[in-house]
Amino acid sequence: MTTISIINGPNLNLLGEREPTIYGSLSLEDLNKEIIAKFPQIEIRTFQSNIEGELIDAIQDARKWASGIVINAGAYSHSSHAIHDAIKGVKVPCIEVHLSNVHARESFRHHSAILPACVGLISGFGKYSYFLAIEYFLASASKSA
Numbered sequence: 310m311t312t313i314s315i316i317n318g319p320n321l322n323l324l325g326e327r328e329p330t331i332y333g334s335l336s337l338e339d340l341n342k343e344i345i346a347k348f349p350q351i352e353i354r355t356f357q358s359n360i361e362g363e364l365i366d367a368i369q370d371a372r373k374w375a376s377g378i379v380i381n382a383g384a385y386s387h388s389s390h391a392i393h394d395a396i397k398g399v400k401v402p403c404i405e406v407h408l409s410n411v412h413a414r415e416s417f418r419h420h421s422a423i424l425p426a427c428v429g430l431i432s433g434f435g436k437y438s439y440f441l442a443i444e445y446f447l448a449s450a451s452k453s454a
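To get this note's numbering, take the position in the sequence shown, counting from 1, and add 309.
Given below as structure tokens:
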């Protein structure tokens, strides 16, 4: 069975309230519910923290049970070498996602410190960024089965 860890970083707990013209009006709770409802055939565990070390703990924990990690590390994506190292250290394939198109925003968002440790990046498709990442893991699992 495919098992996915969805890890969300700082400020994503404010989805639906924080800059809805950029991030949309869906709350994180509703986003998680939609993701789980869309993929009932797999186990999905969600986690959110504003604390870098807790995100690292969640990545490390996922090595025990997850076949894939979908991570929106928020602003930590652009600066956290510690999260990069955690992703590399667990050897669980990881996809970086963002709700907004980070390359159409401020220049500091154009660089990702974690991307070199990830399979790829999906950005700019709102909640569908998460859906597309999970679809990738499902397609990968079916190819190896």
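Even for Gly, the Cβ is constructed at its ideal location relative to N, Cα and C.
Query, Result
"Under 8 Å between C-beta atoms of H387 and S421", "yes"
"Nearest candidate by alpha-carbon position, reference A346, set Y439, Y445, K452", "Y439"
"Opening and closing residue of the alpha helix (DSSP H) in which H407 lies", "Looking at the DSSP string, H407 is not in any alpha helix (DSSP H); the run it does join, the beta strand (DSSP E), is 403-407."
"Backbone secondary structure at L430 - three-state DSSP", "strand"
"Contact check, V399 vs A371, beta carbons under 8 Å", "yes"
"Three-state secondary structure assigned by DSSP to F446", "helix"
"Counterpart residues of E363 in DSSP-defined beta bridges", "Per DSSP, none; premise fails for E363."
"DSSP bridge partner residues for G377 (one or two, in chain order)", "I313"
"Assigned exposure category for A384 - 16 Cβ within 10 Å defines buried", "exposed"
"Candidates D366, P425, V401, E415, of which the one nearest H393 by Cα", "P425"
"Closest by C-alpha distance to P319, when choosing among L441, I344, I396, Q357", "Q357"
"Distance, I316 Cα to I360 Cα", "12 Å"
"Coil, strand or helix - Q357 by DSSP", "strand"
"Beta-carbon proximity list for K436, same chain, < 8 Å, skipping 5 on both sides", "G333, L335, L340, E343, I344, L408"
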